[in-house]
Amino acid sequence: MNRGSRMSLALCIALTSAAHAQSLPPDPQIVKTLRHNDELLLEAVHRGDRETWRRLTTSDFMYVEEGHVSRRAEFLSELAEDGYKALIIVDYEAQQIGDTVQVFHRDDVPQRPGKQSTKDRIC
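Start counting the sequence shown at 89; every next residue gets the next number (our numbering).
This is the structure:
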């Protein structure tokens, strides 16, 4: 096979792979379930609710913050109530690629009326 044929073959493979990797809109019920679970996790992280995190994460779960990676056991052992209200999801997007659904969400701190604080302590 000459160089031109190899390049053409490589281009065909790349284009075919890209066509099969296009994202699809996921089943709305799956998105509803994923969002509900994400809301539970956002609430559970501030309550120190290890059982919810055990139930909704897999054994290979990792948490990454500022370059530090915590495996599931370490994350759960350090999970403690912090007195803050749970973040709220303000934007939620899901896309399906093959049998995987990727979720992207933007969260915000709940605000009390008339308060400008970015952290809202539970009274």
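No residue lacks a Cβ here, since even glycine has one placed at the ideal position from N, Cα and C.
So, is residue i buried or exposed, given that buried needs 16 or more other C-beta atoms within 10 angstroms?
| i | result |
| --- | --- |
| L167 | buried |
| V157 | exposed |
| V197 | exposed |
| Q199 | exposed |
Would you kindly work out how many angstroms separate the C-alpha atoms of residue i and residue j, rounded to a whole number?
| i | j | result |
| --- | --- | --- |
| Q195 | T145 | Note on residue identity: the sequence assigns Asp, not Gln, to residue 195. Rounded to whole angstroms, D195 to T145 spans 19 Å at the Cα level. |
| R135 | D179 | 23 Å |
| R159 | V152 | 9 Å |
| E251 | V133 | Summary: the structure shown does not reach residue 251, with the chain confined to residues 89 through 211, and so no result is reported for it. |
Would you please state the rounded distance, in angstroms, between the beta carbons of residue i and residue j? I believe it to be under 8 Å.
| i | j | result |
| --- | --- | --- |
| L129 | V191 | Not really, about 11 Å apart at Cβ, beyond 8 Å. |
| E131 | A174 | 4 Å |
Below 6 Å CB to CB, which residues in the same chain sit around residue i once its five sequence neighbours on both sides are set aside?
| i | result |
| --- | --- |
| P114 | A182, Q184, V189 |
| I177 | H193, D195 |
Among residues of its own chain, excluding the 5 on either side of residue i, which ones have a beta-carbon nearer than 7 Å to its beta-carbon?
| i | result |
| --- | --- |
| L112 | Q184 |
Fill in: Segment contact flag, the segment 111-121 with the segment 181-188, C-beta cutoff 8 Å, min 3 pairs
yes
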